[in-house]
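**Q** Before I ask anything, let me first share the structure, which is written out below as structure tokens.
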Amino acid sequence: MRVFFKILFYIVAALYPVLIFTFLVILKLPVRILSLCIVGLALAFFIALTGKNREEEKSAISWKPLVTALLFMAAGTACFFTNQTVFLKLYSVVVSAMLLIVFSSTLLAGPNIIFRFAMLGDRTIKNSVCRKPVEAYCKKVCIVWCLFFIVNGSISVCTAFSARFFGLSQSKADALWSIYNGGISYIFMGILFAVEYIIRQMVDKKMPKSFAFTKFTSDSRPDDFVLCYEDTYSSGKYRTWKDFLIETSRMRNFLMSAENKDVSEWILHCEDYWYFLVTFAALLQCNKTVHLTQNITESFLSEIKKDGYKFLTDQNVDPSFKADSIPDVIASVKESQDFRTIPSINNDETRILMYTSGSTGKPKAVHQRMTEFEADNAFIISRWAEEFLSRKLVTTVSQHHIYGFLFGISLPFSLGVPFRRKRIEFPEEFESLTDDSYIVIATPAFLKRTVEVEEKLPLKDCFIFTSGGACSPELSKKTLEVFGFCPLEVYGSTETSGIAYRQQSKDGLYFTPFANAKIWKGEDGCLRIISPYIKDPEGFATADLVEIFDDGRFLLKGRSDSIVKIEEKRISMTEVENRILETNLVRDVKVVAMEDRRQYLAAAIELNDEGKKKFEGQRKLILNNFFHDFLTKYFENVVIPKKWRFVENLPVDVQGKKHKDEIIKLFDRAEQD
186 MRVFFKILFY IVAALYPVLI FTFLVILKLP VRILSLCIVG LALAFFIALT
236 GKNREEEKSA ISWKPLVTAL LFMAAGTACF FTNQTVFLKL YSVVVSAMLL
286 IVFSSTLLAG PNIIFRFAML GDRTIKNSVC RKPVEAYCKK VCIVWCLFFI
336 VNGSISVCTA FSARFFGLSQ SKADALWSIY NGGISYIFMG ILFAVEYIIR
386 QMVDKKMPKS FAFTKFTSDS RPDDFVLCYE DTYSSGKYRT WKDFLIETSR
436 MRNFLMSAEN KDVSEWILHC EDYWYFLVTF AALLQCNKTV HLTQNITESF
486 LSEIKKDGYK FLTDQNVDPS FKADSIPDVI ASVKESQDFR TIPSINNDET
536 RILMYTSGST GKPKAVHQRM TEFEADNAFI ISRWAEEFLS RKLVTTVSQH
586 HIYGFLFGIS LPFSLGVPFR RKRIEFPEEF ESLTDDSYIV IATPAFLKRT
636 VEVEEKLPLK DCFIFTSGGA CSPELSKKTL EVFGFCPLEV YGSTETSGIA
686 YRQQSKDGLY FTPFANAKIW KGEDGCLRII SPYIKDPEGF ATADLVEIFD
736 DGRFLLKGRS DSIVKIEEKR ISMTEVENRI LETNLVRDVK VVAMEDRRQY
786 LAAAIELNDE GKKKFEGQRK LILNNFFHDF LTKYFENVVI PKKWRFVENL
836 PVDVQGKKHK DEIIKLFDRA EQD
């Protein structure tokens, strides 16, 4: 019942000037009788809107019609005692003033009321790529409405006092007030709504558009939209949206050919980012299971390739694996005549296996879906879309790894950010980048290699994401000097995707969790995580030791699997590494547990420039003794490393990770002084 009265009340409020004109001018109702009618009507509405019955005991009371009813009562009461119609006419002025206060206050406090209306109409705006430009546009619209309320209120004041201002008779003054406030002002509002709608449609076409990887259509981008470029964007060698539609059609025809249509399991390894994008999209469109492997050595492939699996690549591999060449397929197979007709992809039903070698080098399959990948992309877009949209993208990271895939393939495709066709493999390649603005997707290991050989790169505006390991304070500082930007580090893993971030120039060593991640410290001291990117509702238990602070930020304190027992004494290998780094003579270090007749620690060290200078020309025994003596200030002699290796570069994989087996191999050779 309350809803009925609210609707009826809004109708009466909208027709108020017309009703006043009808009763005063046409029916010539006495002012006091009209005022009593208004007070009675307002009182009835007030009681109806505030009263409760059994069915509506829990329903919310809307304050807006209540305030309007009180205004009606106040106007009617003042009119009754003064016998002046001006109080009835000032209602429209008060409404304009109240709306002006509401609209202008949201301009100051934010978000503005027009933007709030927009988000109510489309809840996806909040976390979309166009949130900021939409909010900026809505702010301008809000300002226009504020100006309208000022002008409209001013004219309403003039019409309310038109008998006094213009010397009109009372009947003519009433007619003028009613015509403007009951007709002309609504026409002006209608014109304003119509003009804003037309402008909004024009602005909307220029708004940045993003779409989930599995939700694109053939007209998501213009045919000539640049997705990918060769070495530099200014080279003029591009791959466009139409090229993507055509080549995915060719790959689909290959996958659904007579010899392949019954093959459901496909291994994909492709170094060319463009060929990877085309092939990966086609595999999903054909509902195939995709096995992504960054390692294509004979031994690694032998462990993951099973009977019935087929292999797509752009690399030369052992003939026994019978791989299909992606470039040959795309060049030889014809696209469909209806290549713009794209099969739909159900992101919940996608089957993707990413192989991580972990700490042992053995392949471990992690099952993934585009559902979680797209949720990850959506959050990054909501947080850093502007940074991506104002730059071109280059990456040093393999797209077969979750970090490289999300940031190097899926995210730029969704946002429409042009990406470099080939991965940057050597630091010197940064010198050839002729465009000023770049998003750089990198690993700490690659940044370390770059700052060793480069003093200052000619990049005027770059933004660096890094993952796959932590940047040391020294590396962050040096990257800022060379690139002009302190890297933004993303903490995560293949199992969890992105969880937190930090930028050491602002945050120090503290990580800030993503807004959609819930973290806590487990009984074992390790980080526990629940996020939209983790399929298990119970979350994921990491092996990372952590300290969580009251503000939600946290510090990583090494890994639980880095704790070993040496002659019944527990020691953290990460703690030993951190102490060695405190000498300020070391660029990188890795401590491993060794065992022959007994268990002991061994340390592989990469000296920095200061360390090389200090020990230049010294016998290795001098270096051994220096670091041994330094550690005696913190540890018992029994747990101090017994073997030392000093190398130019510690062995790392393409993601910058140091594997235990590769480090142990450094100690297989005889020690030389």
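Read in the numbering used here, the sequence shown has 675 at position 490, and its numbers run on one by one without any break. Even for Gly, the Cβ is constructed at its ideal location relative to N, Cα and C.
Return the CA-CA distance between M283 and Y276, expressed in angstroms with no decimal places.
**A** Position 98 of the sequence shown, counted from the first residue, corresponds to residue 283. Position 91 of the sequence shown, counted from the first residue, corresponds to residue 276. Roughly 11 Å between the two C-alpha positions.
**Q** With C455 as the anchor, note down where its alpha helix (DSSP H) starts and where it stops.
**A** The count along the sequence shown starts at 1 and reaches residue 455 at position 270. Where C455 is concerned, there is no enclosing alpha helix (DSSP H), given that its DSSP letter is neither H nor E.
**Q** So R863 and I624 are in contact, right, with Cβ under 8 Å, and what is the actual spacing, rounded?
**A** As displayed, the chain neither begins before 186 nor continues past 858, which places residue 863 out of reach and without an answer.
**Q** Excluding the 5 residues preceding and the 5 following N366 in the sequence, name in chain order all residues of the same chain whose CB lies nearer than 7 Å to its CB.
**A** Here residue 366 refers to the residue found at position 181 when the sequence shown is read from its first residue. Within the same chain, N366 has close Cβ partners P202, S277, S341, T344.
**Q** F496 lies in the alpha helix (DSSP H); which residues open and close that run?
**A** Residue 496 sits at position 311 when you count from the first residue of the sequence shown. F496 -> not in any alpha helix (DSSP H); beta strand (DSSP E) instead, spanning 495-498.
**Q** What distance in whole Å lies between the Cβ atoms of I704 and L712, which are believed to be in contact at a cut-off of 8 Å?
**A** Locating residue 712 in the sequence shown gives position 527, counting from the first residue. Locating residue 704 in the sequence shown gives position 519, counting from the first residue. Between I704 and L712 the Cβ distance is about 6 Å, and since that is below 8 Å, they are a contact.
**Q** If we call anything under 9 Å between Cβ atoms a contact, is F524 one with S405?
**A** The count along the sequence shown starts at 1 and reaches residue 524 at position 339. The count along the sequence shown starts at 1 and reaches residue 405 at position 220. Cβ distance not < 9 Å, so F524 and S405 don't count as in contact.
**Q** Can you tell me whether T267 is buried or exposed, with buried defined as 16 or more other CB within 10 angstroms of its CB?
**A** Sequence index remark: in the sequence shown, residue 267 carries index 82 (1-based). Under this definition T267 is an exposed residue.
**Q** Quick one: is L497 buried, meaning 16 or more other Cβ sit within 10 Å of its Cβ, or exposed?
**A** Taking the sequence shown and counting its residues from 1, the one referred to as residue 497 is at position 312. Buried, by the Cβ-count rule.
**Q** By DSSP, does R606 sit in helix, in strand, or in coil?
**A** As a first step, residue 606 is located in the sequence shown; it is residue number 421 there, counting from the start. It is coil, neither helix nor strand.
**Q** Between the C-alpha atoms of V319 and A789, what's the straight-line distance to the nearest angstrom?
**A** By 1-based counting over the sequence shown, the position of residue 319 is 134. By 1-based counting over the sequence shown, the position of residue 789 is 604. Distance between the alpha carbons of V319 and A789 is about 53 Å.
**Q** For a minimum of 4 consecutive residues, which ranges assigned as the alpha helix (DSSP H) are wholly contained in the stretch 712-781?
**A** Listed in chain order, they are 758-766.
**Q** Exposed or buried, which one is E616 when buried takes at least 16 other CB atoms within 10 Å?
**A** Walking along the sequence shown from the start, residue 616 turns up at place 431. Classification for E616: exposed.
**Q** Could you give the residue range of the beta strand (DSSP E) that holds Y423?
**A** Along the sequence shown, read from residue 1 onward, the residue named residue 423 stands at position 238. Looking at the DSSP string, the run of the beta strand (DSSP E) that includes Y423 is 423-425.
**Q** For the alpha helix (DSSP H) holding I704, just list the boundary residues, first then last.
**A** Taking the first residue of the sequence shown as position 1, residue 704 is located at position 519. Element bounds for I704: not the alpha helix (DSSP H) but the beta strand (DSSP E), 703-706.
**Q** Could you round the C-beta distance between V777 and A787 to whole angstroms and report it? I think they count as a contact, below 8 Å.
**A** Reading the sequence shown from its first residue, position 592 is the one you call residue 777. Reading the sequence shown from its first residue, position 602 is the one you call residue 787. Sure, about 6 Å apart at Cβ, within 8 Å.
**Q** How big is the Cα-Cα spacing for E708 and F611?
**A** Along the sequence shown, one-based indexing puts residue 708 at 523. Along the sequence shown, one-based indexing puts residue 611 at 426. Distance between the alpha carbons of E708 and F611 is about 43 Å.
**Q** On the DSSP bridge list, what partners appear for F650?
**A** Looking up residue 650 in the sequence shown gives position 465. The partner list for F650 (beta bridge, DSSP) reads I626, L673.
**Q** Please confirm whether F592 and F668 have their CB atoms less than 9 Å apart.
**A** By 1-based counting over the sequence shown, the position of residue 592 is 407. By 1-based counting over the sequence shown, the position of residue 668 is 483. In this structure, F668 does not lie closer than 9 Å to F592 by Cβ.
**Q** Among the residues of its own chain, which have a CB less than 6 Å from the CB of D646, if the five just before and after it don't count?
**A** For the purposes of this step, residue 646 is taken as the residue at position 461 of the sequence shown. Counting only Cβ-Cβ distances below 6 Å, and skipping sequence neighbours, we find D621, S622.
**Q** Throw me the rounded Cβ distance for the I489 and Y418 pair, which I believe falls under 8 Å.
**A** Counted from its first residue, the sequence shown places residue 489 at position 304. Counted from its first residue, the sequence shown places residue 418 at position 233. That belief does not hold up - the Cβ atoms of I489 and Y418 are roughly 36 Å apart, past 8 Å.
**Q** Check whether the stretch 297-312 and the stretch 347-363 touch, using three or more Cβ-Cβ pairs below 8 Å as the test.
**A** No, the stretch 297-312 does not touch the stretch 347-363.
**Q** How long is the line joining the alpha carbons of F812 and E637, rounded to whole angstroms?
**A** The residue you call residue 812 lines up with position 627 of the sequence shown. The residue you call residue 637 lines up with position 452 of the sequence shown. Distance between the alpha carbons of F812 and E637 is about 23 Å.
**Q** Taking Cβ to Cβ, would you say R424 is nearer than 9 Å to L440?
**A** Here residue 424 refers to the residue found at position 239 of the sequence shown. Here residue 440 refers to the residue found at position 255 of the sequence shown. No; because the gap between Cβ atoms is not below 9 Å, this pair is not in contact.
**Q** Got a sec? Which residues, its chain only, sit under 6 Å from L361 by beta carbon, not counting five neighbours each side?
**A** As a first step, residue 361 is located in the sequence shown; it is residue number 176 there, counting from the start. Excluding residues within five positions, the ones whose Cβ falls inside 6 Å are T344, S347.
**Q** On the criterion of 16 or more Cβ atoms from any shown chain inside 10 Å, does S583 qualify as buried, or is it exposed?
**A** The count along the sequence shown starts at 1 and reaches residue 583 at position 398. Burial call: buried.
**Q** What is the rounded straight-line gap between the Cα of K274 and the Cα of D736?
**A** The count along the sequence shown starts at 1 and reaches residue 274 at position 89. The count along the sequence shown starts at 1 and reaches residue 736 at position 551. If you take the alpha carbons of K274 and D736, they lie about 55 Å apart.
**Q** What is the DSSP secondary structure of R435, counted as helix, strand or coil?
**A** For the purposes of this step, residue 435 is identified with residue 250 of the sequence shown, where counting begins at 1. In the structure shown, R435 sits in a helix (DSSP, three-state: H, G or I).
**Q** Can you give the Cα-Cα distance for I310 and M392, rounded to whole angstroms?
**A** Position 125 of the sequence shown holds residue 310. Position 207 of the sequence shown holds residue 392. Approximately 12 Å, taken between the alpha carbons.
**Q** For the alpha helix (DSSP H) containing C413, list its first residue and its last residue.
**A** Here the question's residue 413 lines up with position 228 in the sequence shown. Here C413 belongs to no alpha helix (DSSP H); instead the beta strand (DSSP E) covers 411-414.
**Q** In this structure, how does DSSP classify A685 when only helix, strand and coil are distinguished?
**A** The count along the sequence shown starts at 1 and reaches residue 685 at position 500. Reduced to three states, the DSSP call for A685 is strand.
**Q** Hey, how far is the Cα of S244 from the Cα of V280?
**A** Your numbering for residue 244 matches position 59 in the sequence shown. Your numbering for residue 280 matches position 95 in the sequence shown. Any reading at S244 needs caution, since the residue's pLDDT is 47, under 50, leaving its predicted position unreliable; the model's value is listed next. If I take the Cα positions, the gap works out to 26 Å.
**Q** At which residues does the alpha helix (DSSP H) containing E795 begin and terminate?
**A** Start at 1 with the first residue of the sequence shown, and residue 795 comes out as number 610. Start and end: 794-799.
**Q** Starting from the C-beta of G543, find all residues in its chain whose C-beta is less than 7 Å away, skip the five residues before and the five after it, and write them out in chain order.
**A** Mapped onto the sequence shown, residue 543 falls at position 358. Its pLDDT being 47, under 50, G543 is placed unreliably in this model, and the value from its coordinates should be taken loosely. The residues are K549.
**Q** Taking L468 as the reference, which of R536, T402, K491 has the closest Cα?
**A** Indexing the sequence shown from 1 puts residue 468 at position 283. Ranking the options by Cα distance to L468, first place goes to R536.
**Q** What's the gap between the Cα of I511 and the Cα of I714?
**A** Taking the first residue of the sequence shown as 1, we reach residue 511 at position 326. Taking the first residue of the sequence shown as 1, we reach residue 714 at position 529. Those two C-alpha atoms are separated by around 38 Å.
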